[in-house]
Amino acid sequence: MPLSVEIRRVTKRFSDVAAVNEVSLDIRRGELFALLGPSGCGKTTLLRMVGGLETPSAGTIHIEGIDVTEVPPHLRPAHMVFQQYALFPHLTVADNVAFGLRYKNGGRAGWSTKVKEALDLVRLAGMEKRLPHQLSGGQRQRVALARALVLEPKVLLLDEPLAALDPQLREEVQVELKHLQRTLGISFLFVTHDREEALGMSDRVAVMRHGRVEQVGTPAEIFERPATRFTAEFLGATSFFTAEVASLVDGVATLRLPAGLDLQVPRPDASLRPGDRIDFVVRPEKLRVRVERPAEAEMAVVPVTVEESIYQGMGTTWIVRGPAGERFVAWEQNAASVLDEPSALRPGGAAFLCWHPRHTVVLGGGGDA
Amino acid sequence: MRRRGTWLLLLPTWLVLGMFFLVPLVLTLVLSLRQRGVYGGVAPIPDLGAYVTSGSFLGNYARSFAGIYAGIGWRSLWMAVLTTALTLAIGYPVAYALALRAPRRWKDLLLGLVVVPFWTSFLIRTYAWMFLLRTEGLVNRLLLGTGAVDRPLEILYTELAVMIGLVYGELPFMILPLYASLEKLDRTLLEAAADLGAGRVSSFWRVTVPLTAPGIAAGIVLVFIPSLGQFVVSDLLGGARSMLLGNLIQNQFAVARNQPFGAALAFELMAAVLLLLLAYAFYMKRKGEEVLL
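In order, the protein sequences belong to chains A and V.
Heads up, the first sequence is in the working numbering, so the first residue is -10 and it goes up one at a time.
Heads up, the second sequence is in the working numbering, so the first residue is 388 and it goes up one at a time.
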């Protein structure tokens, strides 16, 4: 698979702080790739280094096989859509889009056609004469897209592409960006702190924390199989368990919970040895809270006390306490109306927290969050 | 009831404006339409009707456009234009460095240094220039000492000295509005320009300059108007040879005792300034910017 962007052991230090620390990533050609993480995790700095707006303190960046580590931004086949779009307020839509064309080879002759094509692509035909302040947020973003795309980049860089938009618009723009990326077939590298955005929009996601990449994978992989506690938490999982490996037989691991409960799960890791202490997580929507102990023998069950229920319309969140006071969170879809079938669970009452063993996700190192 | 209250509240404003602005203005206008008396002062008008119909009331204005006075007018205009151009050329890089390049903790100090000259009287600072520029002055001693020249340069009492004095005096008035507009400049726009392919020079002319145009306009107005009416600098540093419009007006009142002619010249100067201000206000309105003056 040909690579669009290769980031090799890139570090960026601001005075003494490493904003990005030895990051290596491969972005494939034609891929929609998200850098996901909380603010200050280094994702924007990494994006700016790919765009050439920052120079790495160490490491190399290749775009389409060419080392661009020291290449100034305008000579890279990567262009940026800024978070607040950074449209030139004194120039019309058409002049904004044409801004970069004069630095490209080829005469003025083709300009107007290219500008027109770019504006058609983002559905802004007829807006040529408007000034940026006369446009809506969504239109401004499309001008910023056209301004970058008219230069035919190999990689489009987007800094929080949906953050400045109204919530109603976000879903629409998300679909539109995906569609645009498929049409053009170029790679999109974007930065976001919003997990829904990263999951819904990208082919692959890199979760970042403290300047390092925590995990890379498809949205489903990072969501269903988080490698570390941080990734799990960032994607909304809050129920963590500690257990000891009791035995390992034929790819099945028996985990013993402190309460003396045994749980059999598919063996997660070849390096696991009996007697190891491990952490695992179960996602809230995989957990169930029941008044009766479930009948199925293979279900993992932990006795708990109900602490709180939060009715959220589409679902209900249950906050429960384990035998040692651990806090677990389960989320259950309200498939039936709670008016027809009110829950028998009461705050303070005893219940059973249960899940299917295959939803047990054993976490690796680095989970010291 | 309410209307009368508003009126009373506005009264102090009208009183101040009327006494210190409107009344003197009308008096000057009337004065400019009369003629100088034999021993100074104002000549009596025996027949008002004949005075008006003969057009004599415009005599002072007609005279100001002739010969030597027109020359002084043009030279004043030229000097003001040159001063404005030079302060812009010097002030823009200074303001740019202050707003975009200076480390944050130095900014206030550096900006303070621009304003420090205002702590001393302009007159004293101009005298200081006399000491710097005269033949035995610091500048000449430095040039002689380093062997750059073997005879002291005649700088004081030339147009060059006037120019130096004008540029020196007006420079802060150019730097401050430029700084204000450069400080507001959104730096991601410069990053966007770089990302789109613009080099430093290109992004300066295509992004920075157009976006700081309101600051440039304000600086031009703030510098051009006082330099056009300047008379202290030209009097002290230029001597008798470089008379400007400001000196001419001052002369008419203080030396030549031709108050009506001086009043007419003052009115012309005011008209020129007013035209410039109108052009400025019109320009700023069209750009949708706040009119700062």
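Think of the CB as a built atom: it goes at the ideal place given N, C-alpha and C, for glycine as much as any other residue.
Keep in mind the model is a prediction, meaning the values are calculated, not measured.
Beta bridge counterpart(s) of residue i as assigned by DSSP
i, result
"LYS1(A)", "VAL9(A)"
"ALA242(A)", "LEU237(A) and VAL254(A)"
"TYR555(V)", "DSSP output for TYR555(V) lists no bridge partner at all."
"ILE16(A)", "VAL(-6)(A)"
"PHE230(A)", "PHE269(A)"
"GLY304(A)", "GLN322(A)"
"CYS30(A)", "According to DSSP, which records beta bridges pairwise, CYS30(A) is partnered with nothing at all."
"GLY206(A)", "VAL194(A)"
"THR507(V)", "DSSP lists no partner for THR507(V)."
"ILE52(A)", "VAL(-6)(A) and ILE55(A)"
"VAL293(A)", "ALA340(A)"
"LEU178(A)", "PHE22(A) and LEU146(A)"
"ILE299(A)", "THR306(A)"
"THR317(A)", "Note on residue identity: the sequence assigns Phe, not Thr, to residue 317(A). Answer by DSSP bridge pairing, in chain order: VAL309(A)."
"MET69(A)", "LEU146(A)"
"LEU352(A)", "ASP268(A)"
"ALA98(A)", "Bridge partners of ALA98(A): none, in fact."
"ARG277(A)", "CYS343(A)"
"ARG131(A)", "In the DSSP output, where bridge partners are listed per residue, ARG131(A) has none listed."
"VAL429(V)", "ARG423(V)"
Identity of the residue in the options nearest residue i by Cα
i, options, result
"LEU663(V)", "ALA467(V), LEU416(V), PRO411(V) and SER443(V)", "ALA467(V)"
"ALA242(A)", "ALA248(A), THR227(A) and ASP258(A)", "ASP258(A)"
"VAL144(A)", "VAL318(A), LEU224(A), GLY41(A) and SER228(A)", "GLY41(A)"
"PRO331(A)", "VAL350(A), GLY304(A), LEU108(A) and GLY189(A)", "GLY304(A)"
"LEU252(A)", "GLU43(A), LEU134(A), VAL350(A) and ILE52(A)", "VAL350(A)"
"PRO601(V)", "PRO490(V), MET561(V) and GLY532(V)", "MET561(V)"
"LEU347(V)", "GLY586(V), ARG528(V), MET657(V) and LEU414(V)", "Any question about residue 347(V) goes unanswered here, given that chain V covers just 388 to 680."
"ASP148(A)", "LEU24(A), SER298(A) and ASP109(A)", "LEU24(A)"
"LEU652(V)", "ALA666(V), GLN637(V), VAL642(V) and LEU665(V)", "GLN637(V)"
"VAL180(A)", "GLU53(A), MET116(A) and LEU35(A)", "LEU35(A)"
"PRO559(V)", "LEU609(V), PRO490(V) and GLY405(V)", "LEU609(V)"
"MET197(A)", "ALA216(A), MET190(A) and GLY189(A)", "ALA216(A)"
"GLY189(A)", "SER176(A), GLU165(A), ILE175(A) and HIS199(A)", "GLU165(A)"
"SER28(A)", "HIS199(A), GLU222(A), PRO346(A) and GLY314(A)", "HIS199(A)"
"HIS122(A)", "ARG316(A), ARG214(A), PHE22(A) and LEU76(A)", "LEU76(A)"
C-alpha gap between residue i and residue j, whole angstroms
i, j, result
"VAL6(A)", "ARG37(A)", "17 Å"
"VAL429(V)", "ARG421(V)", "7 Å"
"SER4(A)", "ALA319(A)", "43 Å"
"LEU402(V)", "LEU563(V)", "33 Å"
"ARG521(V)", "PRO78(A)", "50 Å"
"TYR426(V)", "ILE432(V)", "15 Å"
"ARG390(V)", "LEU396(V)", "10 Å"
"GLY626(V)", "MET517(V)", "11 Å"
"LEU487(V)", "SER568(V)", "11 Å"
"GLY338(A)", "GLY26(A)", "37 Å"
"PHE71(A)", "TRP307(A)", "40 Å"
"ALA325(A)", "GLU287(A)", "26 Å"
"LEU169(A)", "ASP192(A)", "14 Å"
"ILE299(A)", "GLN204(A)", "31 Å"
"GLU210(A)", "GLY302(A)", "28 Å"
"GLU578(V)", "LEU134(A)", "16 Å"
"LEU276(A)", "PHE341(A)", "10 Å"
"GLU297(A)", "GLU321(A)", "14 Å"
"THR595(V)", "HIS63(A)", "18 Å"
"VAL554(V)", "THR513(V)", "11 Å"
"ALA668(V)", "VAL57(A)", "48 Å"
"VAL453(V)", "VAL501(V)", "The amino acid occupying residue 453(V) in the given sequence is Ala; Val does not appear at that position. Cα-Cα distance, rounded: 41 Å."
"ARG574(V)", "GLN157(A)", "29 Å"
Cβ separation of residue i and residue j, assumed to be a contact under 8 Å, to the nearest whole Å
i, j, result
"PRO263(A)", "ALA289(A)", "No, PRO263(A) and ALA289(A) are not in contact; Cβ-Cβ is about 19 Å, not under 8 Å."
"LEU352(A)", "ASP239(A)", "The Cβ separation is near 23 Å, so there is no contact."
"GLN163(A)", "LEU178(A)", "The pair is not a contact, with the Cβ atoms about 16 Å apart (cut-off 8 Å)."
"LEU334(A)", "VAL271(A)", "Not really, about 18 Å apart at Cβ, beyond 8 Å."
"PRO(-9)(A)", "PRO66(A)", "Not really, about 14 Å apart at Cβ, beyond 8 Å."
"TRP100(A)", "LEU90(A)", "5 Å"
"VAL620(V)", "GLY524(V)", "With a Cβ gap of about 16 Å, VAL620(V) and GLY524(V) do not count as contacting."
"VAL139(A)", "VAL82(A)", "VAL139(A) to VAL82(A), Cβ: 12 Å. No contact."
If the cut-off is 9 Å on Cβ atoms, which residues from the segment 580 to 603 of chain V count as contacting chain A, listed in chain order? ALA580, ALA581, ASP582, LEU583, GLY584, ALA585, GLY586, SER589, ARG593, VAL594, PRO597, LEU598 and ALA600
At a Cβ cut of 8 Å, what residues of the segment 35 to 51 of chain A count as close to chain V, listed as they run along the chain? GLY40, GLY41 and LEU42
When you check each C-beta in the segment 566 to 580 of chain V against every C-beta of chain A, which residues fall closer than 8 Å? ASP573, THR575, LEU576, GLU578, ALA579 and ALA580
Quick one, which residues of the segment 68 to 84 of chain A are near chain V if we go by CB-CB under 9 Å, in chain order? HIS68, MET69, PHE71, GLN72, GLN73, TYR74, ALA75, LEU76, PHE77, PRO78, HIS79 and LEU80
If the cut-off is 9 Å on Cβ atoms, which residues from the segment 128 to 160 of chain A count as contacting chain V, listed in chain order? ALA133, ARG136, ALA137, LEU140 and LEU146
Output needed in chain order: residues of the segment 88 to 106 of chain A with a Cβ under 9 Å from some Cβ in chain V. PHE88, GLY89, LEU90, ARG91, TYR92 and LYS93
Name, going along the chain, the residues of the segment 175 to 188 of chain A whose beta-carbon falls closer than 9 Å to a beta-carbon of chain V. none
Residues in the segment 235 to 268 of chain A having any Cβ partner in chain V nearer than 7 Å: none
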